[in-house]
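There are 2 protein chains.
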Amino acid sequence: MNSAAQISAPRIDGLQYANWSEKVFRQMRAGGVDAVHVTITYHETFRETVLNISRWNRYFEDFQHLIMQGRTADDIRLARETGRTAIFFGAQNPSCIEDDIGLVEVLHTLGLRFMQLTYNNQSLLAGGCYEARDTGLTRMGRAVVAEMNRVGLVIDMSHSGERSTLEAIEASSRPIAITHANPSSWHPALRNKSEAVLRALAETGGMLGLSLYPHHLARGSDCTLRDFCEMVARTAEMMGPERLAIGSDLCQDQPDSIVAWMRNGRWTKETDFGEGSADNPGFPAQPVWFRDNRDFSNIARGLAEVGMSQAEIAGILGANWLRVFAANFGPMASRQGGEGHAQSKSNATA
Amino acid sequence: MNSAAQISAPRIDGLQYANWSEKVFRQMRAGGVDAVHVTITYHETFRETVLNISRWNRYFEDFQHLIMQGRTADDIRLARETGRTAIFFGAQNPSCIEDDIGLVEVLHTLGLRFMQLTYNNQSLLAGGCYEARDTGLTRMGRAVVAEMNRVGLVIDMSHSGERSTLEAIEASSRPIAITHANPSSWHPALRNKSEAVLRALAETGGMLGLSLYPHHLARGSDCTLRDFCEMVARTAEMMGPERLAIGSDLCQDQPDSIVAWMRNGRWTKETDFGEGSADNPGFPAQPVWFRDNRDFSNIARGLAEVGMSQAEIAGILGANWLRVFAANFGPMASRQGGEGHAQSKSNATA
Chain Z
0 MNSAAQISAP RIDGLQYANW SEKVFRQMRA GGVDAVHVTI TYHETFRETV
50 LNISRWNRYF EDFQHLIMQG RTADDIRLAR ETGRTAIFFG AQNPSCIEDD
100 IGLVEVLHTL GLRFMQLTYN NQSLLAGGCY EARDTGLTRM GRAVVAEMNR
150 VGLVIDMSHS GERSTLEAIE ASSRPIAITH ANPSSWHPAL RNKSEAVLRA
200 LAETGGMLGL SLYPHHLARG SDCTLRDFCE MVARTAEMMG PERLAIGSDL
250 CQDQPDSIVA WMRNGRWTKE TDFGEGSADN PGFPAQPVWF RDNRDFSNIA
300 RGLAEVGMSQ AEIAGILGAN WLRVFAANFG PMASRQGGEG HAQSKSNATA
Chain S
0 MNSAAQISAP RIDGLQYANW SEKVFRQMRA GGVDAVHVTI TYHETFRETV
50 LNISRWNRYF EDFQHLIMQG RTADDIRLAR ETGRTAIFFG AQNPSCIEDD
100 IGLVEVLHTL GLRFMQLTYN NQSLLAGGCY EARDTGLTRM GRAVVAEMNR
150 VGLVIDMSHS GERSTLEAIE ASSRPIAITH ANPSSWHPAL RNKSEAVLRA
200 LAETGGMLGL SLYPHHLARG SDCTLRDFCE MVARTAEMMG PERLAIGSDL
250 CQDQPDSIVA WMRNGRWTKE TDFGEGSADN PGFPAQPVWF RDNRDFSNIA
300 RGLAEVGMSQ AEIAGILGAN WLRVFAANFG PMASRQGGEG HAQSKSNATA
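First to last, the protein sequences are chains Z and S. First residue of the first sequence: 0, per numbering that gives the first Met the number 0; consecutive thereafter. First residue of the second sequence: 0, per numbering that gives the first Met the number 0; consecutive thereafter.
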């Protein structure tokens with residue numbers, strides 16, 4: 000690591016799904032964003048997900064001066080040394096593995112580092128946060144959790160039901176993540192998380208990526224920076240500041256047809272408005288203090304103004320994700336999931 | 000590299016397609032085989048090829064004390080240090096990329112290191128050795144050759160027509176391979192190669208993997224070790240010994256239904272007997288001096304008996320493949336195919 004990289008903490012965003020373009024990649028660089036977990040697939044099949052990976056391969060080729068694919072935490076060091084942003088792939092739904100557990104390792108080899116077990120609806124693996132009844136982890140869900148643990152694909156429960164989330168935390172031998180959500184005690188959206196979930200997450204070394212998506216914010220697009228940062232400070236008191244990071248859920252430059260795809264996929268002929276409504280069906284406007292990748296400094300400033308220390312802020316803005324990426328993106332040391340359980344969790348917490 | 004690895008040359012087979020089992024992997028170890036290029040797909044689609052990769056992932060998990068996946072030449076060093084055989088993936092036909100050039104990089108990421116542009120028949124990319132007319136490289140063929148060059152996926156023309164092979168040698172900015180065939184001057188099978196092809200191959204730093212498949216041998220299963228080794232020595236005089244290696248084409252323990260699949264895929268409702276015939280439709284018997292992976296020492300002995308030097312024999316038994324693997328399994332240094340052409344070839348020849 001060169002001296003420039005040593006003197007500043009990394010800046011990492013735990014979720015974005017922009018309409019990717021040179022403009023967005025340049026804004027990542029302008030904002031000093033060293034790594035981003037990007038969504039590459041929602042309801043797509045495996046083959047469709049591979050088409051999306053091909054599209055990213057072309058971005059990596061065409062914009063190689065701005066971005067590079069991230070596979071390990073060490074790639075973030077390389078990205079910083081070469082003035083680029085490392086892009087880590089994630090799936091918001093397990094449709095990409097279809098009904099085939101073998102696709103977990105295949106997609107990990109192709110760079111997938113996060114996968115949600117559900118996206119709002121019931122999946123083959125678990126219950127979604129919009130379902131009336133939550134199955135918890137299914138039979139295939141338990142098998143896939145073990146396989147994700149084995150290869151180093153982080154379980155993400157951002158869009159899952161409460162029971163499923165608690166069962167995933169319990170079943171997983173490695174820490175899990177909720178990459179983009181906020182506490183429901185602050186804003187009671189179905190997508191935000193209860194104190195019970197957040198405490199269980201923190202106790203097992205898991206991570207909460209704090210969301211800047213207006214539907215997850217108190218007063219939506221009008222949420223103030225101070226209100227957001229006070230929520231972060233309170234959540235840090237409950238979970239520990241080392242368990243928090245940013246997962247902005249930034250959906251920059253997307254047409255509203257994309258949020259319709261996210262919500263409706265191919266599973267209904269009706270229109271589901273998800274967190275929106277018939278009179279507000281599209282993407283909501285971002286708060287003025289977090290419009291795009293150039294605004295992470297506003298969050299750093301806001302967190303300082305509510306009394307958080309520079310070390311805590313550096314953790315939340317990137318160092319905490321870096322630690323979790325380093326511990327969880329590779330294979331487990333041992334194939335014996337049982338005896339590796341406690342050790343993996345304590346390693347990741349260390 | 001430990002001292003044991005330094006004192007013996009690597010032993011590498013440039014093509015096998017066995018009915019994979021612990022028995023076969025143990026025979027690789029017993030024969031001191033450090034690396035094998037294995038066929039993972041013939042006529043399969045992309046999705047079916049991924050199923051085959053999943054099966055290999057399970058082999059790597061279940062037999063991790065015997066085999067490991069090879070991605071770079073350096074993995075052969077690791078395999079030798081840990082007493083295992085490195086398995087490198089290859090495709091005998093481009094059906095695995097379907098009509099999508101993006102799948103070249105995707106399959107390379109999944110470990111594919113060789114791909115034939117055709118398997119006997121016309122493909123989207125080139126003409127096969129059994130077709131009446133040879134198109135040469137098609138429009139997509141030229142695009143895919145450039146993409147294979149870019150990512151480091153070696154072009155294999157073992158089952159291609161003569162014109163297509165000569166055009167691939169010319170179009171490719173990196174050396175190509177004929178992983179499993181012999182000179183047609185020794186045994187005039189459609190699958191064996193003319194002196195014109197072999198000279199063009201050698202002049203561009205390409206490689207010929209000498210085949211032990213009986214249909215490629217003079218007198219078939221009754222071919223003698225001495226006759227085979229005299230052919231090797233003559234071919235070395237023509238091409239240079241550094242351009243030769245072994246590509247045994249060993250199809251161990253396969254039922255005859257597999258050779259029917261190789262020959263007929265899903266392209267015909269008739270039965271094509273390929274190199275066989277209606278009264279000899281199955282796999283031919285191996286020569287007694289090369290029954291399986293334990294018999295490479297017979298070839299080393301035979302080559303010595305026809306007067307080849309120990310250095311030449313070490314090259315043919317593995318060191319030549321190692322050099323070619325090291326130069327050609329990674330991305331090209333420059334995206335400018337034109338100016339990289341001569342340099343790549345001379346690097347690989349060095």
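For each residue, glycine too, the CB sits at the ideal point set by N, CA and C.
Quiz prompt | Contained beta strand (DSSP E) runs [length at least 3] in the region 23-68 of chain Z, N- to C-terminal order | solution = 34-40 and 66-68
Practice problem: At 4 residues or longer, and completely inside the region 91-144 of chain S: list those alpha helix (DSSP H) runs for me, N to C. | Solution: 101-108
Quiz item: Using a beta-carbon distance below 9 Å, is residue 56 of chain Z in contact with chain B?
Solution: Among the protein chains in the structure shown, which are Z and S, there is no chain B.
Exercise. Please state whether DSSP places residue 177 of chain Z in a helix, a strand or coil.
Key: For the purposes of this step, residue 177 of chain Z is identified with residue 178 of the first sequence, where counting begins at 1. The answer is strand: DSSP assigns residue 177 of chain Z an E or B state.
Quiz item: Is residue 234 of chain S helix, strand or coil by DSSP?
Solution: For this step, residue 234 of chain S is matched to residue 235 along the second sequence. Under the three-state reduction of DSSP output, residue 234 of chain S falls in the helix class.
Practice problem: Step through the CB atoms of chain Z and report whether any lies within less than 9 Å of the CB of residue 102 of chain S. | Solution: Within the second sequence, the letter at position 103 stands for residue 102 of chain S. Residue contact check for residue 102 of chain S against chain Z: a CB pair falls below 9 Å.
Quiz item: Measuring CA to CA, which of Z:52, Z:79, Z:70 and Z:51 is closest to residue 64 of chain Z?
Solution: As a first step, residue 64 of chain Z must be located in the first sequence, where it is residue number 65. Minimum Cα distance to residue 64 of chain Z is reached at Z:79.
Practice problem: Could you spell out where the beta strand (DSSP E) holding residue 244 of chain Z opens and where it closes? | Solution: As a working note, residue 244 of chain Z is residue 245 in the first sequence. Residues 243-245.
Self-check item: Whole-angstrom distance between residue 43 of chain S and residue 17 of chain Z, CA atom to CA atom
Solution: Counting from one through the first sequence, the residue named residue 17 of chain Z turns up at place 18. Counting from one through the second sequence, the residue named residue 43 of chain S turns up at place 44. One C-alpha to the other measures close to 35 Å.
Quiz item: Per DSSP, which one or two residues make a beta bridge with residue 207 of chain Z?
Solution: Within the first sequence, residue 207 of chain Z is the residue found at index 208, counting from 1. DSSP, once it has assigned bridges, lists Z:177 and Z:243 as partnering residue 207 of chain Z.
Practice problem: Please classify residue 328 of chain S: does DSSP put it in a helix, a strand, or coil? | Solution: Translated into positions along the second sequence, residue 328 of chain S becomes position 329. Of the three classes helix, strand and coil, the one that applies to residue 328 of chain S here is coil, per DSSP.
Quiz item: In chain order, what residues of the same chain lie with their CB nearer than 8 Å to the CB of residue 136 of chain Z, ignoring the 5 residues before and after it?
Solution: Position 137 of the first sequence, counted from the start, is the residue given in the question as residue 136 of chain Z. So the qualifying residues of the chain are 116, 124, 125, 144, 163, 166, 167 and 170.
Quiz item: Does the beta-carbon of residue 254 of chain S have 16 or more other beta-carbons within 10 angstroms, so that it is buried, or is it exposed?
Solution: Taking the second sequence and counting its residues from 1, one reaches residue 254 of chain S at position 255. Exposed is the call here.
Self-check item: Within chain S, the residues that residue 109 of chain Z reaches when beta carbons sit closer than 9 Å
Solution: Counting from one through the first sequence, the residue named residue 109 of chain Z turns up at place 110. Ordered by position in chain S, the residues that pass the 9 Å Cβ test against residue 109 of chain Z are 105, 108 and 109.
Quiz item: Helix or strand or just coil, what does DSSP make of residue 87 of chain Z?
Solution: Within the first sequence, residue 87 of chain Z is the residue found at index 88, counting from 1. Judged by DSSP in its simplified three-state form, residue 87 of chain Z adopts strand.
Quiz prompt | Neighbouring residues, chain Z, relative to residue 122 of chain S (Cβ below 9 Å) | solution = To locate residue 122 of chain S, count along the second sequence from 1; it is residue 123. Ordered by position in chain Z, no residue passes the 9 Å Cβ test against residue 122 of chain S, which lies about 20 Å from the chain.
Exercise. Assign residue 279 of chain Z to buried or exposed, taking buried as 16 or more other Cβ atoms, counted over all protein chains shown, within 10 Å of its Cβ.
Key: Start at 1 with the first residue of the first sequence, and residue 279 of chain Z comes out as number 280. The residue in question, residue 279 of chain Z, is exposed, as its Cβ has fewer than 16 Cβ neighbours within 10 Å.
Self-check item: Reference residue 351 of chain S; option with closest CA among S:100, S:62, S:177 and S:323
Solution: The structure shown does not extend to residue 351 of chain S, since chain S is modelled only from 0 through 349, so no value can be given for it.
Quiz item: Between residue 112 of chain S and chain Z, is there a C-beta pair that is closer than 9 Å?
Solution: Here residue 112 of chain S refers to the residue found at position 113 of the second sequence. Output row for residue 112 of chain S: interface = no.
Self-check item: Environment of residue 306 of chain Z [buried if 16+ CB atoms lie within 10 Å]
Solution: Counting from 1 along the first sequence, the entry for residue 306 of chain Z is found at position 307. Burial call: exposed.
Practice problem: Check whether the Cβ of residue 352 of chain Z lies closer than 9 Å to any Cβ atom in chain S. | Solution: Lying before the first or after the last residue shown, residue 352 of chain Z is absent from chain Z, which here runs from 0 to 349.
Quiz item: Near residue 97 of chain Z, what residues of its chain come up, given a Cβ to Cβ distance below 8 Å and the 5 sequence neighbours on each side ignored?
Solution: Here residue 97 of chain Z corresponds to residue number 98 of the first sequence, with the count starting at 1. Cβ within range, chain order: 44 and 45.
Self-check item: Residue nearest to residue 373 of chain Z in terms of C-alpha spacing, selected from Z:241, Z:252 and Z:192
Solution: A question about residue 373 of chain Z goes unanswered here, because the residues of chain Z that appear run from 0 up to 349.
Quiz item: Within 10 angstroms of its Cβ, does residue 287 of chain S collect 16 or more other Cβ (buried), or is it exposed?
Solution: For the purposes of this step, residue 287 of chain S is identified with residue 288 of the second sequence, where counting begins at 1. Burial call: exposed.
Self-check item: chain S contacts from the region 28-51 of chain Z (Cβ-Cβ distance under 8 Å)
Solution: 45, 46, 49 and 50
Practice problem: Would you mind reading off the limits of the beta strand (DSSP E) that contains residue 357 of chain Z? | Solution: In this structure chain Z extends from 0 to 349, so residue 357 of chain Z is not present and cannot be described.
Quiz item: Hey, does residue 53 of chain S have any beta-carbon neighbour from chain Z nearer than 9 Å?
Solution: Position 54 of the second sequence holds residue 53 of chain S. Yes, residue 53 of chain S lies at the interface with chain Z (some Cβ there is under 9 Å from its Cβ).
Practice problem: Just grab the DSSP bridge partners of residue 153 of chain Z for me. | Solution: Here residue 153 of chain Z is taken as the residue at index 154 of the first sequence, counted from 1. Bridge partners of residue 153 of chain Z: Z:113.
Self-check item: Supposed contact pair residue 289 of chain Z and residue 220 of chain Z - C-beta distance, whole angstroms, cut 8 Å
Solution: Indexing the first sequence from 1 puts residue 220 of chain Z at position 221. Indexing the first sequence from 1 puts residue 289 of chain Z at position 290. Wrong, their Cβ atoms sit about 10 Å apart, outside the cutoff.
Quiz item: Helix, strand or coil: how does DSSP classify residue 319 of chain S here?
Solution: Numbered from its first residue, the second sequence carries residue 319 of chain S at position 320. Note: residue 319 of chain S maps to helix in three-state DSSP.
Quiz item: So which of S:48, S:226, S:258 and S:93 has the shortest CA-CA distance to residue 181 of chain S?
Solution: Here residue 181 of chain S is taken as the residue at index 182 of the second sequence, counted from 1. Closest by alpha carbon: S:226.
Quiz item: Is the shortest distance between the beta-carbon of residue 336 of chain S and the beta-carbons of chain Z less than 9 Å?
Solution: Numbered from its first residue, the second sequence carries residue 336 of chain S at position 337. Low per-residue confidence applies at residue 336 of chain S: pLDDT is 40, beneath 50, and the placement is therefore not dependable, though the value from the model is reported in the following sentence. Taking Cβ atoms only, chain Z never reaches closer than 9 Å to residue 336 of chain S, which makes this a no.
Practice problem: For residue 99 of chain Z, decide whether its Cβ has a neighbour in chain S, counting only Cβ atoms nearer than 9 Å. | Solution: Mapped onto the first sequence, residue 99 of chain Z falls at position 100. For residue 99 of chain Z, the closest Cβ of chain S is nearer than 9 Å.
Quiz item: Is the Cβ-Cβ distance between residue 105 of chain S and residue 109 of chain Z less than 9 Å?
Solution: Counted from its first residue, the second sequence places residue 105 of chain S at position 106. Counted from its first residue, the first sequence places residue 109 of chain Z at position 110. Closer than 9 Å, so yes.
Exercise. Determine the DSSP secondary structure at residue 148 of chain S, reduced to helix, strand or coil.
Key: The count along the second sequence starts at 1 and reaches residue 148 of chain S at position 149. Note: residue 148 of chain S maps to helix in three-state DSSP.
Quiz item: Exposed or buried, residue 267 of chain S, counting other C-beta atoms within 10 Å across all chains shown (16 or more means buried)?
Solution: Residue mapping note: residue 267 of chain S aligns to position 268 of the second sequence, counting from 1. Looking at its Cβ environment, which holds fewer than 16 other Cβ atoms inside 10 Å, residue 267 of chain S is exposed.
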